[in-house]
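Read the structure below first, then the notes.
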Amino acid sequence: MPYYSEIRTILDADVGIRPQVEVDVVGGVLIYCNPETYPTSFPAQAGFGVAVGLHPRKAARFNPELYRHLKQLLRNERVVALGKVGLDRTEPADSWGLQEEVLTRILELSSPCQPIILHIRDGEDRQSGVLHLECLELLKPNVARTQKVVLHCFTGAQEVVISWCKAFPNCFFSYSGQARLFTEAQKQAVRRVPANRLLVETDLQYFRTAGARMCTPSF
Numbered sequence: 001m002p003y004y005s006e007i008r009t010i011l012d013a014d015v016g017i018r019p020q021v022e023v024d025v026v027g028g029v030l031i032y033c034n035p036e037t038y039p040t041s042f043p044a045q046a047g048f049g050v051a052v053g054l055h056p057r058k059a060a061r062f063n064p065e066l067y068r069h070l071k072q073l074l075r076n077e078r079v080v081a082l083g084k085v086g087l088d089r090t091e092p093a094d095s096w097g098l099q100e101e102v103l104t105r106i107l108e109l110s111s112p113c114q115p116i117i118l119h120i121r122d123g124e125d126r127q128s129g130v131l132h133l134e135c136l137e138l139l140k141p142n143v144a145r146t147q148k149v150v151l152h153c154f155t156g157a158q159e160v161v162i163s164w165c166k167a168f169p170n171c172f173f174s175y176s177g178q179a180r181l182f183t184e185a186q187k188q189a190v191r192r193v194p195a196n197r198l199l200v201e202t203d204l205q206y207f208r209t210a211g212a213r214m215c216t217p218s219f
């Protein structure tokens, strides 16, 4: 989605229903975390930036050439964040070690002026929040305490919020449409997030609103 005209097409799309509260979308972040779709051009429209990273499901694609390419992309003034990067335990267990190695290498490219957007997804057979704490321990020796971090599609409990806030005071907690299905414990965690560290996200095209044909930032 490299051109603003294409962004407008998505924002103005007829998805079958209209939001209860109209939202004027004036900006956003376009995330590229698949090497096959890395941007070759960047949005010129004010308010829109780009994030580049490597999704943990693509960890096997990591090599020195990709590392250099990421480093070059991150130097572009339109690239505002490093991500998505992280850990995904829904992938086969034999890939987990590689995911951690790749994440550690990519964190070398982190910069104070570019937040790190983390994708952390635990397996269904593991207690929720465990992987967030494991990832936290991986970041501590590899990232400055003052680094801005965004926990993408966060669903964790209070103890996870507390641990991340303590380790990284500039940590942001981003919630998606999954919040509609939160347990009371997860709702309590949201209340624990400092107001200036709370984000909401579309994660387009996922988590569409009931009755809508697709998800857009208008909801």
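So for the sequence shown, UniProt numbering puts the first residue at 1; every next one is plus one.
Here a beta-carbon is modelled for each residue, glycine too, at the ideal position from N, C-alpha and C.
Alpha-carbon spacing of residue i relative to residue j, whole angstroms
i: arginine 105; j: glycine 49; result: 24 Å
i: histidine 119; j: alanine 59; result: 13 Å
i: glycine 27; j: alanine 46; result: 7 Å
i: serine 174; j: arginine 180; result: 14 Å
i: valine 80; j: proline 92; result: 31 Å
i: threonine 202; j: valine 161; result: 21 Å
i: leucine 82; j: alanine 51; result: 5 Å
i: valine 25; j: serine 163; result: 33 Å
Same chain, Cβ closer than 7 Å to residue i, neighbours up to 5 away in sequence not counted
i: alanine 185; result: Ala157
i: leucine 9; result: Here residue 9 turns out to be threonine, not leucine, going by the sequence shown. Same-chain partners within the cutoff: there are none.
i: lysine 71; result: Leu109
Check whether residue i and residue j have beta carbons under 8 Å apart
i: histidine 132; j: lysine 84; result: no
i: valine 150; j: serine 110; result: no
i: leucine 199; j: phenylalanine 182; result: no
i: proline 112; j: threonine 155; result: no
i: leucine 103; j: leucine 136; result: no
Close Cβ partners of residue i (< 8 Å) along its chain, the five nearest in sequence each way excluded
i: proline 35; result: Leu54, Lys58, Arg61, Leu66, His69
i: proline 39; result: Pro2, Leu30, Tyr32, Val50, Val52, Leu73
Counted within 10 angstroms of its Cβ, other Cβ atoms place residue i as buried (16 or more) or exposed
i: serine 41; result: exposed
i: aspartate 12; result: exposed
i: proline 141; result: exposed
**Message:** My parser needs the alpha helix (DSSP H) runs of 4 or more residues fully inside the stretch 37 to 77; what are they?
**Reply:** 64 to 74
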